[in-house]
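Numbering-wise, this note's numbering comes out as the position in the sequence shown, counting from 1, plus 102. As structure tokens, the structure follows; a few thoughts come after it.
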Amino acid sequence: MIQKIGIIIPSYNEVANISLLTKKIFSFLPKATIVIVDDSNLQENKKLKASLRSVISLNRKRIILVSRLKKLGRGSAVITGLNEMLKNKTIRYFFEMDADLAHDPKDFQKFLSAVTANNADLVIGSRYLHESRIIKWPIWRLVLSKFINTFINIWLGLKLSDYTNGFRLYNRNAVEFLTKTQLKEGGFISLSEIAFRLKNNNFKIVEIPTSFTDRVYGKSSANCKEFVSSLIGLVRIKISPIQFKVEL
Numbered sequence: 103m104i105q106k107i108g109i110i111i112p113s114y115n116e117v118a119n120i121s122l123l124t125k126k127i128f129s130f131l132p133k134a135t136i137v138i139v140d141d142s143n144l145q146e147n148k149k150l151k152a153s154l155r156s157v158i159s160l161n162r163k164r165i166i167l168v169s170r171l172k173k174l175g176r177g178s179a180v181i182t183g184l185n186e187m188l189k190n191k192t193i194r195y196f197f198e199m200d201a202d203l204a205h206d207p208k209d210f211q212k213f214l215s216a217v218t219a220n221n222a223d224l225v226i227g228s229r230y231l232h233e234s235r236i237i238k239w240p241i242w243r244l245v246l247s248k249f250i251n252t253f254i255n256i257w258l259g260l261k262l263s264d265y266t267n268g269f270r271l272y273n274r275n276a277v278e279f280l281t282k283t284q285l286k287e288g289g290f291i292s293l294s295e296i297a298f299r300l301k302n303n304n305f306k307i308v309e310i311p312t313s314f315t316d317r318v319y320g321k322s323s324a325n326c327k328e329f330v331s332s333l334i335g336l337v338r339i340k341i342s343p344i345q346f347k348v349e350l
């Protein structure tokens, strides 16, 4: 199974974190393939390439950097990464994780055990289950996150505890469905839309407890504009039917 794993990392101004994260990933999944989709500007992108040089030299052909050079949204970055990863026909499972070291690669095995034990299409790492751990997160961020997730749960009704954590594992069937679907949202709220679209199309979703650590390096790209956009996006998610991409 380890040889059939891909990892998607959306990145925006994460030079201080990416090389550390990729090294940690390879220490747990040494034969995984990593696709980094970077939306930083040209200057920051050059710094990222330089910081990755030593890691890439040790893991040739297993780190792919997609440089978009413009902030197009987390959800858009993930779909771009999934499309890139689908080119590898041997990959069966696809991780999505943040670039800021919030997600612990030690949890990989829990995801892999859950996806097979439950015959799941999507495994979500939840911050809000009994055995979950949240480390060094400001109390106001925790309260806001719980409030947002409670609201989303009421609105979308999927009975999940965590719609907004970006540590996930998809099987190939789920990824092929998502990449053929014209998702409405390209930003952070796409995490909720992905779960909503999969659940409403009879894909199986399970949650597992996971660890979450507040970032040490860099600054979060989330802001008030993103928050307002997410609220509007939630309305679109529920009232707009999905469309599928037509391949000519």
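We put the CB at the ideal spot given by N, CA and C, even for glycine.
(message) What does the Cβ neighbour count give for residue 233, buried or exposed, with the cut at 16 atoms within 10 Å?
(response) Of the other Cβ atoms in all chains shown, fewer than 16 fall within 10 Å of the Cβ of residue 233; this residue is therefore exposed.
(request) Measure the alpha-carbon distance for residue 279 versus residue 300 and round it to whole angstroms. (result) Straight-line Cα distance between these residues: approximately 8 Å.
(request) Please look up how many angstroms separate the CB atoms of residue 228 and residue 135, rounded, as I've assumed it's under 8 Å. (result) Under the criterion of beta carbons closer than 8 Å, residue 228 and residue 135 do not qualify as touching, at roughly 26 Å.
(request) Mind checking which residues open and close the alpha helix (DSSP H) that includes residue 299? (result) Start and end: 292–302.
(request) Have a look at residue 282 and residue 176 and give me their C-alpha separation to the nearest angstrom. (result) Taking the Cα positions, residue 282 is about 18 Å away from residue 176.
(message) By alpha-carbon positions, which one of 292, 298, 274 ends up nearest to residue 106?
(response) Cα-wise, what sits closest to residue 106 is 274.
(request) Give a yes or no on contact between the stretch 208–219 and the stretch 285–293, applying the rule of three or more CB pairs nearer than 8 Å. (result) As far as the Cβ criterion goes, the stretch 208–219 does not touch the stretch 285–293, which means the pair count is below three.
(message) On a Cα-Cα basis, can you pick out the residue from 247, 186, 149, 108 that is closest to residue 118?
(response) Nearest option by C-alpha distance: 149.
(request) Keeping to the same chain, check which residues put their C-beta closer than 6 Å to that of residue 103; ignore five residues upstream and five downstream. (result) Below a pLDDT of 50, predicted positions are generally treated as unreliable, and residue 103, at 48, falls in that range; the measurement from the model is reported next regardless. For residue 103, where only same-chain residues beyond five positions count, there are no Cβ hits under 6 Å.
(request) Give the single residue among 214, 193, 165 whose Cα lies nearest to the Cα of residue 277. (result) Nearest to residue 277 by alpha-carbon distance, out of 214, 193, 165, is 193.
(message) Is it buried or exposed, residue 256, if we count other Cβ atoms within 10 angstroms and call 16 or more buried?
(response) Exposed is the call here.
(message) If you follow the beta strand (DSSP E) that residue 225 is in, where does it begin and where does it stop?
(response) Secondary structure note for residue 225: its beta strand (DSSP E) is the uninterrupted segment 224–228.
(message) For residue 246 and residue 215, what's the separation of their Cα atoms in angstroms?
(response) Between residue 246 and residue 215, the C-alpha separation is close to 31 Å.
(request) Quick one: using the 10 Å Cβ neighbour count with 16 as the cut-off for buried, is residue 294 buried or exposed? (result) The residue in question, residue 294, is buried, as its Cβ has 16 or more Cβ neighbours within 10 Å.
(message) Give me the DSSP bridge partner(s) of residue 314.
(response) Beta-bridge pairing links residue 314 to 205, 236.
(request) Rank 161, 267, 183 by C-alpha distance to the C-alpha of residue 236 and give the top, closest one. (result) Minimum Cα distance to residue 236 is reached at 267.
(request) With DSSP as the reference, label residue 188 as helix, strand or coil. (result) Under the three-state reduction of DSSP, residue 188 is assigned to helix.
(message) Tell me which residue opens and which closes the alpha helix (DSSP H) that residue 169 is part of.
(response) Careful: residue 169 lies outside any alpha helix (DSSP H), inside the beta strand (DSSP E) at 165–169.
(request) Mind checking which residues open and close the beta strand (DSSP E) that includes residue 194? (result) In the DSSP assignment, residue 194 falls outside any beta strand (DSSP E) and carries neither an H nor an E.
(request) Measure the alpha-carbon distance for residue 217 versus residue 181 and round it to whole angstroms. (result) Between residue 217 and residue 181, the C-alpha separation is close to 20 Å.
(message) Quick check on this structure: which residue in 265, 258, 240 has the alpha carbon closest to the alpha carbon of residue 230?
(response) Taking only the C-alpha atoms, the option nearest residue 230 is 265.
(request) Please report the residue range of the alpha helix (DSSP H) in which residue 135 lies. (result) Not the alpha helix (DSSP H): residue 135 falls in the beta strand (DSSP E), residues 135–140.
(message) Within a Cβ cutoff of 6 Å, which residues of the same chain sit near residue 350, ignoring the five residues on either side of it in sequence?
(response) The predicted model places residue 350 with a pLDDT of 42, which falls under 50 and marks its position as unreliable; any figure quoted below should be read in that light. If we look at residue 350 and ignore the five residues flanking it on each side, it has no Cβ neighbours.
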